[in-house]
Amino acid sequence: MSDSQTVSAAVAKLYNTYPFPPEALLDEPPPGYNWRWNWLAAHNFCTGQKPQKQDIRILDAGCGTGVSTEYLVHLNPQASVVGIDLSTGALAVAKERCQRSGATRVEFHHLSLFDVEQLPGEFDLINCVGVLHHTSDPIRGIQALAKKLAPGGLMHIFVYGELGRWEIQLMQKAIALLQGDKKGDYRDGVQVGRQIFASLPENNRIVKYDKQRWSLENHKDENFADMYVHPQEIDYNIETLFELIDASGLEFIGFSNPSFWDLERLLGKAPELVERAKDLSDRQVYRLIELLDPEVTHYEFFLGRPPLIKADWSDDNALLAAIPELNPCLEGFPSQCFFNYDYQIVNLSVPEFEFMQKCDGSSTVVDILTGVQLGLDGVRTLLQQQLILLTPV
Numbered sequence: 001m002s003d004s005q006t007v008s009a010a011v012a013k014l015y016n017t018y019p020f021p022p023e024a025l026l027d028e029p030p031p032g033y034n035w036r037w038n039w040l041a042a043h044n045f046c047t048g049q050k051p052q053k054q055d056i057r058i059l060d061a062g063c064g065t066g067v068s069t070e071y072l073v074h075l076n077p078q079a080s081v082v083g084i085d086l087s088t089g090a091l092a093v094a095k096e097r098c099q100r101s102g103a104t105r106v107e108f109h110h111l112s113l114f115d116v117e118q119l120p121g122e123f124d125l126i127n128c129v130g131v132l133h134h135t136s137d138p139i140r141g142i143q144a145l146a147k148k149l150a151p152g153g154l155m156h157i158f159v160y161g162e163l164g165r166w167e168i169q170l171m172q173k174a175i176a177l178l179q180g181d182k183k184g185d186y187r188d189g190v191q192v193g194r195q196i197f198a199s200l201p202e203n204n205r206i207v208k209y210d211k212q213r214w215s216l217e218n219h220k221d222e223n224f225a226d227m228y229v230h231p232q233e234i235d236y237n238i239e240t241l242f243e244l245i246d247a248s249g250l251e252f253i254g255f256s257n258p259s260f261w262d263l264e265r266l267l268g269k270a271p272e273l274v275e276r277a278k279d280l281s282d283r284q285v286y287r288l289i290e291l292l293d294p295e296v297t298h299y300e301f302f303l304g305r306p307p308l309i310k311a312d313w314s315d316d317n318a319l320l321a322a323i324p325e326l327n328p329c330l331e332g333f334p335s336q337c338f339f340n341y342d343y344q345i346v347n348l349s350v351p352e353f354e355f356m357q358k359c360d361g362s363s364t365v366v367d368i369l370t371g372v373q374l375g376l377d378g379v380r381t382l383l384q385q386q387l388i389l390l391t392p393v
């Protein structure tokens, strides 16, 4: 076999042994939401407006046991969804998961990312979370996916970061050394790793990091194996990440956890340094942030294929004529206090609350403002917070 085939076979063997993710199967739709898997919320985040169509095609590239696939189906009721994965064991769980929860608008294929061209047509949304860094050639993988992205389409990617996974890398290497010629026996690897953690002193750096960040997840062997005995992993920093992104040929839209990448969060007490940073490029600022806060365990971001039309609501007349509706990923509304799309608490003023209550998807902004004491700046604040979606007229 080629090196790529050898890596793919080893990865498939891991996930056939430990299907991942190991979330329980339910006889009902999954709880809550992930806004990145909701086409309306994701499109609004990337473009500032509601998408023109909802009957889209979605690809879950490396779907595993179908946790993300199931959400993609239930959160996008007009979409058709395709899931692909290397592991037959994981795919079997994914099919059962979706069947049991009523996620019927989905089809699964036993397929590598590298062979995604075998699927017919293009996709409006491609989800690839926790997959590229486990391939033998992530650049080849992201390029293969990019070819399947439709014009105006979005791709959401999640890959590992090297700075926040340093202790994990050390444990991976230690387990491999102790396994010796049994490396590739994943059940033995989990056993060896468990024994190491049980033996190390409590104040050991690796033990402390695991307890702080991962122990609640890693009590399951599937999670432990995925983290500590995976046969293939490539971790990134900002510089190597953008080499991957540039190779895709797609537009970098932005990180889907933007609050982390706000330099004010770290240097707000030193405005002179923030001022100096204005001379840096965006990528240099990102690099500065991860160097100052090396807790980066992963990068999650959106890419897009032009033409991707982005709304500009600076024109008052355009804003007044737009039709607002609520972001579909809110929890606890109607109430002045609820969770936003990112599960952060929001406290609305009375005028803001009254405005949002009247966002019925048919009334224009000017119609609503005639009965609410809220100005256009207030509407723009709601939009900036991703609490409403706007359809231009």
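Heads up, the sequence shown is in the UniProt record's numbering, so the first residue is 1 and it goes up one at a time. No residue lacks a Cβ here, since even glycine has one placed at the ideal position from N, Cα and C.
Paired residues, beta bridge with M356 - DSSP: Position 356 of the sequence shown, counted from the first residue, corresponds to residue 356. Note: M356 is not bridge-paired with any residue in the DSSP secondary-structure output.
- prompt: For C337, does the three-state DSSP call read helix, strand or coil?
  reply: Taking the first residue of the sequence shown as 1, we reach residue 337 at position 337. Strand.
message: Quick check: the Cα distance between K95 and V106, rounded to an integer number of angstroms?
response: For the purposes of this step, residue 95 is taken as the residue at position 95 of the sequence shown. For the purposes of this step, residue 106 is taken as the residue at position 106 of the sequence shown. Taking the straight line joining both Cα atoms gives about 9 Å.
message: G102 and P29 - do their beta-carbons sit closer together than 8 Å?
response: As a position in the sequence shown, residue 29 is number 29, starting the count at 1. As a position in the sequence shown, residue 102 is number 102, starting the count at 1. Yes, these two residues count as a Cβ contact at 8 Å.
message: Only counting the same chain, and skipping five residues up and downstream in sequence, which positions put a Cβ closer than 6 Å to that of N223?
response: The residue you call residue 223 lines up with position 223 of the sequence shown. Here the set comprises E217.
message: Under 8 Å, with one C-beta from each stretch per pair, do the segment 146-155 and the segment 290-298 reach the 3-pair mark?
response: Fewer than three beta-carbon pairs drawn from the segment 146-155 and the segment 290-298 are found closer than 8 Å, and the two stretches are therefore not classed as touching.
message: Looking only at its chain, what residues have a beta carbon closer than 8 Å to the beta carbon of L319, apart from the 5 residues adjacent to it on each side?
response: Locating residue 319 in the sequence shown gives position 319, counting from the first residue. Same-chain partners within the cutoff: W313, V365, L376, V379, R380 and L390.
Beta-carbon spacing of F114, A146 below 8 Å: By one-based count along the sequence shown, residue 114 stands at place 114. By one-based count along the sequence shown, residue 146 stands at place 146. No. Outside cutoff.
- request: Could you tell me whether the segment 25-44 touches the segment 227-237, using the rule of 3 or more Cβ pairs below 8 Å?
  value: Touching, no.
- request: Please name the residue, chosen from A42, F108 and Q78, that lies closest to G66 on a Cα-to-Cα basis.
  value: What you label residue 66 is simply residue 66 of the sequence shown in a count that begins at 1. When each option's Cα is compared against that of G66, the closest is F108.
field: Supposed close pair L72, N127 - CB separation, criterion 8 Å
entry: Walking along the sequence shown from the start, residue 72 turns up at place 72. Walking along the sequence shown from the start, residue 127 turns up at place 127. For a cut-off of 8 Å, the C-beta gap from L72 to N127 is around 6 Å, short enough to register as a contact.
- prompt: Counting pairs of Cβ atoms below 8 Å between the segment 164-183 and the segment 129-141, do you hit three or more?
  reply: Here the segment 164-183 does not lie against the segment 129-141, with fewer than 3 beta-carbon pairs under 8 Å apart.
- request: Decide if residue 435 is buried, meaning its Cβ has at least 16 other Cβ atoms within 10 Å, or exposed.
  value: What the structure shows of the chain is the stretch from 1 to 393, and residue 435 is not part of that stretch, so it cannot be assessed.
message: I need the boundaries of the alpha helix (DSSP H) containing A174, first residue and last residue.
response: As a first step, residue 174 is located in the sequence shown; it is residue number 174 there, counting from the start. W166 to Q179 is the extent of the alpha helix (DSSP H) around A174.
message: Within the continuous alpha helix (DSSP H) that includes A225, where are the two ends?
response: One-based indexing of the sequence shown puts residue 225 at position 225. D221 to Y228 is the extent of the alpha helix (DSSP H) around A225.
- prompt: How big is the Cα-Cα spacing for A79 and P21?
  reply: Along the sequence shown, one-based indexing puts residue 79 at 79. Along the sequence shown, one-based indexing puts residue 21 at 21. So the two alpha carbons sit approximately 23 Å from each other.
- prompt: Taking C-beta to C-beta, are R205 and E167 nearer than 8 Å?
  reply: Counted from its first residue, the sequence shown places residue 205 at position 205. Counted from its first residue, the sequence shown places residue 167 at position 167. Yes, the pair counts as a contact, with Cβ atoms nearer than the cut-off.
- prompt: So, using beta-carbon positions, are F339 and H156 closer together than 8 Å?
  reply: Residue numbering aside, residue 339 sits at position 339 when the sequence shown is read from its first letter. Residue numbering aside, residue 156 sits at position 156 when the sequence shown is read from its first letter. The answer is no: Cβ separation not under 8 Å.
task: Pull up the distance between the alpha-carbon of K13 and that of K211, whole angstroms please.
output: Your numbering for residue 13 matches position 13 in the sequence shown. Your numbering for residue 211 matches position 211 in the sequence shown. Going by the C-alpha atoms only, they are around 28 Å apart.
query: Taking 8 Å as the CB-CB cut-off, is V116 touching chain B?
result: Any reference to chain B falls outside this structure, which holds one protein chain only.
message: Using a Cβ distance threshold of 8 Å, determine whether the segment 253-270 contacts the segment 30-48, with at least three qualifying pairs required.
response: In the pairwise beta carbon analysis, the segment 253-270 is classified as touching the segment 30-48: at least three pairs are separated by under 8 Å.
Range covered by the alpha helix (DSSP H) that runs through H43: Here residue 43 is taken as the residue at index 43 of the sequence shown, counted from 1. Boundaries of the alpha helix (DSSP H) harbouring H43: W39 to T47, taken from the DSSP string.
message: Within the continuous beta strand (DSSP E) that includes V129, where are the two ends?
response: Position 129 of the sequence shown holds residue 129. Element bounds for V129: F123 to V129.
- prompt: According to the neighbour-count rule (16 or more other Cβ atoms, all chains shown, within 10 Å of its Cβ), is Y160 buried or exposed?
  reply: Taking the sequence shown and counting its residues from 1, the one referred to as residue 160 is at position 160. Flag for Y160 reads buried.
message: Tell me the residue span of the alpha helix (DSSP H) that contains Y186.
response: By 1-based counting over the sequence shown, the position of residue 186 is 186. In the DSSP annotation of this structure, the continuous segment of the alpha helix (DSSP H) that includes Y186 starts and ends at Y186 to S199.
message: For A41 and L326, what's the separation of their Cα atoms in angstroms?
response: Residue mapping note: residue 41 aligns to position 41 of the sequence shown, counting from 1. Residue mapping note: residue 326 aligns to position 326 of the sequence shown, counting from 1. Cα to Cα, the separation comes out at about 10 Å.
task: Take T297 and list the residues in its own chain whose beta-carbon comes closer than 6 Å to its own, dropping the five residues that flank it on each side.
output: Taking the sequence shown and counting its residues from 1, the one referred to as residue 297 is at position 297. Excluding sequence neighbours, T297 sits near G161, G164 and R165.
message: Runs of 3 residues minimum, wholly inside the UniProt domain "Methyltransferase type 12" (59-154): which ones carry the beta strand (DSSP E) assignment?
response: Taking only runs of at least 3 residues, the beta strand (DSSP E) segments lying wholly in the UniProt domain "Methyltransferase type 12" (59-154) are 80-85, 106-110 and 123-129.
message: Do L280 and L273 count as a contact pair if the criterion is CB distance below 8 Å?
response: In the sequence shown, residue 273 corresponds to position 273, counting from 1. In the sequence shown, residue 280 corresponds to position 280, counting from 1. Contact flag unset, no.
- request: Would you kindly report the start and end of the unbroken alpha helix (DSSP H) that includes Y343?
  value: Your numbering for residue 343 matches position 343 in the sequence shown. No residue range can be given for Y343, since it is assigned to no alpha helix (DSSP H) and is classified by DSSP as neither H nor E.
message: What does the alpha-carbon distance come out to for the pair G249 and I139?
response: Looking up residue 249 in the sequence shown gives position 249. Looking up residue 139 in the sequence shown gives position 139. Roughly 11 Å between the two C-alpha positions.
message: Please state whether the Cβ-Cβ distance between Y299 and W35 is less than 8 Å.
response: Residue mapping note: residue 299 aligns to position 299 of the sequence shown, counting from 1. Residue mapping note: residue 35 aligns to position 35 of the sequence shown, counting from 1. No. Outside cutoff.
field: Counted within 10 angstroms of its Cβ, other Cβ atoms place I309 as buried (16 or more) or exposed
entry: As a position in the sequence shown, residue 309 is number 309, starting the count at 1. I309 comes out exposed.
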